[in-house]
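To start, the structure under review is shown below, and the notes come after it.
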Amino acid sequence: MTETEEYFPRGGKKPTTTYFKQSENFLGAPDKGEKKRKRQKKKSEDDDGYLSDDFTQEIDQSYKTCGIFLNYRVVKEGLLLLGRVRRALETKILVSLPCRMSGVVMACHISDAFNNILEAYVNDKVDQVRELPQMFRLGQYVAVKVLEASDNSLTLTMMPQDINSDRKATDLHKGALIQAAVTSIEDHGYVMDIGIPNTRAFLAKDTANSDMELDIGMLTWVTIKSLSADSNVVTLSSELGALQRSFQRNPGVIYPGTAVDFTVHKALDNGIEGHILNNQLAYIQRHQIDTVKGKKPALGQKIRARLLYSVPPQQTPFLTMREIFDSSKTNLNEEQIHQDGDVIEEAKVLKSWGRTVFLRLSDRSTGFLSLRRGHDFNDHDDLAKSYPIGSTHRVRVLCYNLSDYVYSVSDDPALLRQKYFNISQLSVGELVSGTVTEVADQHLRVAVDRISGYVPRAHMTETGVFIDPKKPRNSNVSKKYKVGQEVQARVLVVDETKNSVVLTLKPSLLAEDLPLLMDYSEAHVGKMYTGVISHIKHYLLVSFFNNVVAYVPSRLVGAQPGDLADAFHTGQIVKCTIMSVKPEAKKMSGSLVDAPFQDADNEVKKAIKRKNESYGNQGNSSDTDKHNEQPEDKIQKKKRKKNNEEKLKTDRNLNEEANCDETEMVSEKNDKTDVKSPEKIKKNKKREDKVATNKESETKGAKNKNEKENINKKELKKQQKNKDNKKNKIKRKSEESHETQDGVPTLNPIELRLVDLSDCDTEKHYKKRVVSLMKAINARLHRIERVDKKMAALQGVGPDPKKMLLRSEMHLEKTNNEDRLKLFMKALREAEKKLSEFNKDSEIDNPKEAKVKGNRILKIPSAKEFWKVSEKTEVVQDDSSSSDDEEEEKPKKKRKKLSAAEKAAKVREEEERLREMEKRAIDSESSPRSSEQFERALLAQPDCSQLWIAYMAFHLQATEIEKARAVARKALNTINFREEGEKLNVWLALLNLEHRFGTKETQQKTLEDALQMNDTYSIHSKLLDILVETSKQQELTALVELMMRKYKTLESYVACGEACYKSGMVEKARHVMQRGIVVLEKKEHVSMVVKFAVMERARGVPDGRERCEALLEQMLATYPQRVDVIGVYCDMLCKEGDVQRVRQLMERMTAQKMPARKMKVLYKKWIEVEQKIGDEEHVELVRQNALKFLDKAKF
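Throughout the sequence shown, residue numbering follows our numbering, covering 1 to 1195 in sequence.
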C-alpha cells in the first residue's frame, strides 16, 4: 500500500467545517461524517476527463494561485521580499529568496551611513572599515527590494529609504517592525535611519539586543517602542522579545517580515488559503507551514504568520509560519542537516505536483525533484508511474534553499557518479580531468564535475606567458583550447574562503612522480623542486603549489644577465633548489643554480687567476728573471696560491663587514672578496699609504687601458711601463720576504711593511709603527672572534658535506690569522723595546726638558704614558719664592728591569684595556643620541624594530608623547610587510605606550588596529603582561573573560591564570582553572592543573602550599601512573628540603605496579634526590629496592 500524504489533500468543492476530511489534508480539524453524495451531473463538452468527478462548474480555482511560484520572468522592479543572507563576500552579499531564487546586494546598496564610511576610507579620512562578513551573519533575515531583474539573477537593495519608500510618518504605530541602519553611536544609544522622511529614530543601549554588536552602517531589525505626538521622534527597541511580539494592527501596506493574524480558510493542493486583516485573501505555501505549539493548524484557527512577499497586481500576500526571531544568531548546522553533494539512498516520494516531485529525505527534511530537464513525460500518468507515492529513490543533494527550507535534489545517474561535488572534496596536487567551459586571452575556465576551476594564462601552456615583440598579439591559446574539450589538469590552489580553485595545465607539473611542494614545512634545504616563475623584478619569485613562494636573488639565478626580464618570462618552468626556509614566517629562498657552491668555487678560481696575472705575469718582465727562477720559488708560489684560494673561500663565506680597520680592509682587498661597499672604499682611500697609492694608480692604469679610444698610444705605453715597474718592485720585495721567511704564513706587502722595522730611524717613526701594529693586532683578534662564533654555530649541524667543508675552511682561516698575530706581536715587542731605549736616552740627555706655557708645565710623556687614551698633563703651580738658583735636581729613581713574562703580561693587559676602550667608543658612537642620528640610522636599517622602539623611548624621555606615537605609526608604515615579527614588536610598544600615557579612546583605537593587523592571540597574550605591569585590574579581568571565550586552548588559560596570580587576583585565577576544566578536552586537564598548582605555590598565595599539594595529590590519585606529575611534585618537595615527604611519596609511587620504563624513571629520580638532600645510606637502599624490582619484573 502506498502512504497517504498528510499535507496534500484532494481538491473538490469548498467543504464546510463539519464535513472537512482530515485524512486528506494537513489541518487539524476533526471529521464529523460525510455529506450525502449527490447525483453526478452530465459532463460538459469542455471536460477533458482530467478533473475529478467531485468538481462542478462553480469550483474555486484559487489553489492555482498558491501553486504558482515566483521566477525571474515574473519578478518586476520594486518588488519587496524577505530573504536570508547566503554568503557575505568582500564587496557584495548573496541573498537567498523564496521560490528558489537568489539575488545580489552590492556594498553601496546597504545604507547611506556605510557609504559615507566607504567614501571616507577612500579619501584616507578613516583607517579601517568593518568588512561585510563582520556585518552580516549567515542565515540572517533581511528585507530587500528589487532594483533590476534579469533572466537568472536579481540586483537588490537593503537601504532603509528604498525599503520604506511608500511609508509615511502617519503609518507608524507602536509595535511596528522596521529594518533600520545605524547612523551614529552616542553615549547612551544609537541614532538610527528608518528611511522615512521627517522622522528621527533613536535606539537606547538599554533596549538594544545585547547579543548584537552594532556599528555605524549596520542593519538591524527594530520595533517601535514609542512615538511622539506628531510621530516625528521614534523610540526603538531591538530586544528579541520585542521583535517576537511585533504586530501589524492597521490595515494598509504590509512590509516583509511583518507579523499578522492569519485565519485558516481551507486546504489547497499546495498550501493553505486564508484571510488577514480586513478579509484580504492570503496564502501559505506548503514548505512555509509549521506547527503551532506542536500541533497542526486547524480549520478556522487564527495563527501568527509573517509576510514573505506580495504578488502584483492585486498584491496578494504570501506568508510564512516560520519564526524568524527565534534567536539572535541562527545555527545553520542544526537547520541544514544534509550538505551539498550528500547522497540520499532512500528518498520517499510524498507528492508529485506539476513537473515537481516532493520527497521525504529524513524525519526533519524534505526536498523537491524538478523534472523539467532530462525527463520526457507526456502526461501525469507517466509521471505517477515513474514516481509513485511511497516509492524510494536514490538522489543527490544539489543545494539547500534557506528561504524555502527545502533541498533541491536530482536523480540523474551522471550526477550521482560524479566524484567532485563541492570544493572541499578537492586537494592540492591532485590530478583531475575537466572540460573547458570558457576560453579567454588571459584565462580558461575548466569544469571538474560540478566545480569550476580557473586556469591563469601562465599555466595554460608549458612555456607560460612569452610575449613575442614581433607579434602584436598571441592568439595561440584560443586556437589550442576549445569549449567542450577534455583536458588533464592538476589542482594548484584551493581557497575555500573565496570558493575558488586554481588549476594548471603544464605537462611538466602533471607528471605522477613529480615531487610536490605544498607547504613551507615540507621544504627541505638542498632539495630541488619544480616551480613556475610568477614575478620578475631585480629578483625572481618562484611559485609552487598551495601559494608557496620562494625568493630567488639575482646572484643565485645562474649566469648573471643584464636584465632578468630579458632572460626569463612569467610562467616559465624552472628547477629551484631550496637554500633556506622559515615555516613559521612563511618565507623561503631558493637558487636556480644546480649547485650554488660550485659557482662560488669558480668565482674564487677566477679571482685567483686575475691576481696571478696582476702580480705574476706582469712582474716577470725580463727573460733573465724567468730563467733564474729556482724550483724552490715555484713550490713557494704554489703554496701561496693554495693558501690564497682557501683564504678567498673563507672570506666569501664569512661575509666580512664593511667597517673593518686599515690592515683588515687592505688584506680583504688583496684577497679579492666579493662585495665592497662605497663606504669601505672611502675608508680605504683615507687610510692608504704610499703603497696603496701605487695600487690606486694601477687601477687607474687598468681603467685607462680599457678606454683606448680616449687615450693617446704614447701616453698608454708610458703608463704601462710605470705600472710594470711598480709591480716589479712590489713583486721582488714580496718574493724576497717569502724567501727569507720560509715556514711562516704568507704576508701581503702592507703587512710585510708593518713587520719590517728597518725603515724606522726616529722615535716618531717607532711610535707610529706601534700604533699601526696595535690596530693590525686588534683587527686580527676581531676576525678570530667572528670565525669562532660562526664555527660554534655550525657545531650542532649534522653530517652535511657542505657544512663540513665550510668548518674546515674556517679552521684554516683561524690558523692563518693566529700565525699572523704571532708575527705582529713579535714586531710589536721589538718596536716597544726600541721606543723605550729612545726614551731612556732622551731622559738622560735632557733631564730638565719641558715645555713651559704661562704658569703650566707640560711634561713630555714617557713610553708608559703613551699607551693611555689621552695625554695627561700635570699642572704645577709656580712657586714665587723659589728661584732658579735654589732649584735642585731631584735624584732619578732606578727602574726595575722586567722579565720577558712580565713584559708579555703587561702587553696583554694593555691590549685588553685598549680593546675594551675601543669597544665602548664604538658602542657609544653607534647608539644614536638625537633625532637626526636616529633618522640616519633608520635610513640604513628601516626594518629594525629595536631601533624604532629606541627612537620612541628617546621622545618619551623628553615627555613628547605625540612624537613617540608618530614614530610608531611611521614605523608601521615603513617596515616591510614580510617582517611580521618586527611589526609585532612595534605594535606591542605602541600598546604599552598607550596604556601608560594614553587615554581610553586611544587605547581602544590602538588595540583595534593591532588586532586587525596581527594575530589576535599574540596581541591579547602580550596585552595581559602590559595590564599586569600597569596594575589595571578591571581591564585585566575583562581581557581574561574575553580570552576564555575566544581562545579555548591550554596555552590561553595558563596565560590568563598566570596574569591573575601576578596581579594578586587569586580567586579569579582559580575561577580560570575551573573554567578550563569545563571547556578543555580531558587529555589536557592534567597539564593545566599541574601548571596552576605550581603557580599557586610560586606566587606566594597565603594558602598556596596546601592547595598546591592538594591539587597534585588529587591528580596522582586520579592518574597514579603519570610520571611527569610525580616528578613535578618531587622537585617541589626537594626544593623545600623536605626529604621525609619525598621518601614517603616515592615509596608510595614505587609500590604500585607500573611498566619497567616508568619504574626506571622513578628510581632514577629518587636516587638523584637522595644524593642531593639525603645521605649515602638511603641512596644504597634505593638502589637495593631497584635491584629487587628488576629481579621480580618480567620482561
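Heads up, the beta-carbon is just placed ideally off N, CA and C, and yes, glycines get one too.
In the same chain as residue 811, and ignoring 5 residues on each side of it, the C-beta atoms closer than 8 Å to its own belong to 791, in chain order. In the three-state reduction of the DSSP assignment, residue 318 falls in the strand class. Residues of the same chain with a CB within less than 7 Å of the CB of residue 954, apart from the 5 flanking positions on each side, are 934 in chain order.
Shown here, residue 593 sits in coil according to DSSP, grouped into three states, outside any helix or strand.
Under the DSSP definition of a beta bridge, residue 495 partners with 500. If you look at residue 401, you'll find it in the beta strand (DSSP E) that goes 392–401. No Cβ-Cβ contact shorter than 7 Å links residue 520 with residue 575. Membership of residue 1046 in the alpha helix (DSSP H) is indicated by the continuous run 1033–1046.
CA-CA distance, residue 421 to residue 95, rounds to 22 Å.
Collapsing the DSSP output to three states places residue 101 in a strand.
The C-beta distance from residue 493 to residue 547 rounds to 6 Å, short enough to fall under 8 Å. Where residue 951 is concerned, the enclosing alpha helix (DSSP H) starts and stops at 945–957. Closest in C-alpha terms to residue 110, from the list 179, 1009, 1005, comes 179. According to the DSSP secondary-structure assignment, residue 366 is paired through a beta bridge with 360. Residue pairing by DSSP puts residue 588 in a beta bridge opposite 581. Annotated three-state conformation of residue 1072 is helix, per DSSP. Its chain contains 366, 404, 405, 406 as the residues whose beta carbon lies nearer than 8 Å to that of residue 287, once the 5 sequence neighbours on both sides are disregarded; these appear in chain order.
For residue 205, no alpha helix (DSSP H) run applies, since DSSP gives it neither H nor E.
In this chain, residue 995 is not harboured by any beta strand (DSSP E); it is covered by the alpha helix (DSSP H) spanning 980–997.
The region 412–419 makes no contact with the region 494–503, as fewer than three CB pairs between them are under 8 Å. For residue 1170, same chain residues with a beta-carbon under 7 Å away, outside a window of 5 residues either side, are 1178, 1179, 1182 in chain order.
Contact check for residue 272 against residue 264 passes: the beta carbons are separated by less than 7 Å. Exclusion of the five residues before and after residue 570 leaves 458, 464, 465, 533, 534, 536 as the residues of its chain whose Cβ lies within less than 7 Å of its Cβ.
In chain order, 1055 place their CB closer than 7 Å to the CB of residue 1021, counting only its own chain and leaving out the 5 sequence neighbours on each side. Distance check between residue 978 and each of 584, 435, 965 places 584 closest, using alpha-carbon atoms only. Annotation for residue 940: the continuous alpha helix (DSSP H) segment containing it runs 931–940. In the three-state DSSP reduction, residue 1030 falls in the coil class, being neither helix nor strand. Cβ-Cβ distances below 6 Å link residue 951 to 934, 967 in the same chain, with the five nearest sequence neighbours on each side left out; the list follows chain order. Taking one beta carbon from each stretch, the region 225–238 and the region 122–133 have fewer than 3 pairs nearer than 8 Å; the two do not touch. Cα atoms of residue 1067 and residue 144: separation of roughly 51 Å, rounded to the nearest angstrom. Judged by DSSP secondary structure, residue 222 falls outside any alpha helix (DSSP H) and instead within the beta strand (DSSP E) spanning 219–227. In the three-state DSSP reduction, residue 1019 falls in the helix class (H, G or I).
One thing to note: residue 243 has its Cβ no nearer than 7 Å to the Cβ of residue 258.
Counting C-beta pairs with one atom in each stretch, the region 267–286 and the region 309–326 have three or more that are closer than 8 Å, which means they touch. A residue is called buried when at least 16 other Cβ atoms come within 10 angstroms of its Cβ; residue 524 does not meet this threshold and is exposed.
Residue 1024 is a Cβ neighbour of residue 1059, given a cutoff of 7 Å.
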